[in-house]
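Enquirer: What follows is a structure written as structure tokens; I'll ask about it next.
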Amino acid sequence: MNDAPKPEGLRERKRRETSRRIADAGLKAFLANGYDATTLDEIAAAAGISRRTFFHYFKSKDEVLLASLGNYASMVKAMILGEPPTGSAIDVARSALLNLAGSVQGSEMMATAKIMRESKTLRSRTHADYLQLEQAIFDGLCELRPDQARNGLRLVSLVAVVALRLAVETWQQQQAKHPLAGYVRDAFERLKTEIR
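For the sequence shown, our numbering assigns the number 712 to the initial residue and increments by one for each residue that follows.
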């Protein structure tokens, strides 16, 4: 039996490329015109597709913007499950968040964060994304450490996301002077220092 992953087909590749093209066109339009002023027709035209085709890929402008953020929650859970179950749960969460921060496109994330801060419609979405990330960390830790107390793993998940939020906010305030991973590392170091 062959367990090798099936190569991506032409249809899947074209769909992925079109989706990426729409997300890129949307992000450029949002930065140029503002989120609220950008229309779906403008995004579709910039991506070289019809409005009808747009809806085969995305349901709304929100989805276009959030597509540029990627699926961080599932990435973090996969990273946690890839960690050895040795060491503390907070170290596992820290390692996964450092890996995530290292994989983020800094300029794209900074632009997306700016748009989300400026739009009342999207500000509440940021909180929901952090809750989703917290749940993914918790789920990953529970799978990795099935015998560990759930309340302890929930606490680790909460604290890890708070450290990440502080890191992202500092990174944004400093206009991404350094890679995000450095800010995440610093936030976890400060956490260790302050708790002692």
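Ideal Cβ positions, reconstructed from N, Cα and C, are used throughout, including at glycine.
1. Would the beta-carbon of Ala784 fall within 8 Å of that of Leu844?
2. Below 6 Å CB to CB, which residues in the same chain sit around Arg805 once its five sequence neighbours on both sides are set aside?
3. Once the 5 residues before and after Leu902 are set aside, which same chain residues still bring their CB inside 6 Å of it?
4. Assuming Val787 contacts Ile848 under a Cβ cut-off of 8 Å, what Cβ separation, rounded to an integer in Å, is found between them?
5. Thinking C-beta only, is Gly737 closer than 8 Å to Lys772?
6. Any idea what DSSP makes of His889, helix, strand or coil?
7. DSSP on Val872, reduced to helix/strand/coil?
8. Can you tell me whether Ile708 is buried or exposed, with buried defined as 16 or more other CB within 10 angstroms of its CB?
9. Return the CA-CA distance between Gln884 and Ala778, expressed in angstroms with no decimal places.
10. Relative to the C-alpha of Glu829, which residue among Glu723, Ala748, Lys725 is closest?
11. If you reduce the DSSP assignment to three classes, tell me which class Asn744 lands in.
12. For Leu751, which residues of its own chain have a beta-carbon under 7 Å away from its beta-carbon, when the five flanking residues on both sides are left out?
13. Helix, strand or coil: which one does DSSP assign to Glu719?
14. By the 10 Å Cβ neighbour count, where 16 or more other Cβ atoms means buried, how is Ser835 classified, buried or exposed?
15. For Asp897, collect the residues of the same chain with a Cβ closer than 6 Å to its Cβ; drop the 5 residues on either side in sequence, then sort them by chain order.
16. Residues in the same chain with beta-carbon distance under 6 Å from Ser730, minus the five sequence neighbours each way, listed in chain order, please.
17. In chain order, what residues of the same chain have a beta carbon less than 6 Å from the beta carbon of Ala807, not counting five sequence neighbours either side?
18. Which of the three DSSP states, helix, strand or coil, is assigned to Met712?
19. Helix, strand or coil for Arg682, going by three-state DSSP, please let me know.
Expert: Straight from the coordinates:
1. yes
2. Phe899
3. Ala874
4. 6 Å
5. yes
6. coil
7. helix
8. What the structure shows of the chain is the stretch from 712 to 907, and residue 708 is not part of that stretch, so it cannot be assessed.
9. 23 Å
10. Ala748
11. helix
12. Arg762, Phe765, Lys772
13. coil
14. exposed
15. none
16. Tyr768
17. Val787, Met790, Ile791
18. Confidence is the limiting factor: at Met712 the pLDDT is only 48, short of 50, which leaves the residue's position unreliable, though a coordinate-based value still follows. In this structure, Met712 counts as coil in the three-state DSSP scheme.
19. Residue 682 cannot be examined here, being either before or after the span of the chain that is shown, 712 to 907.
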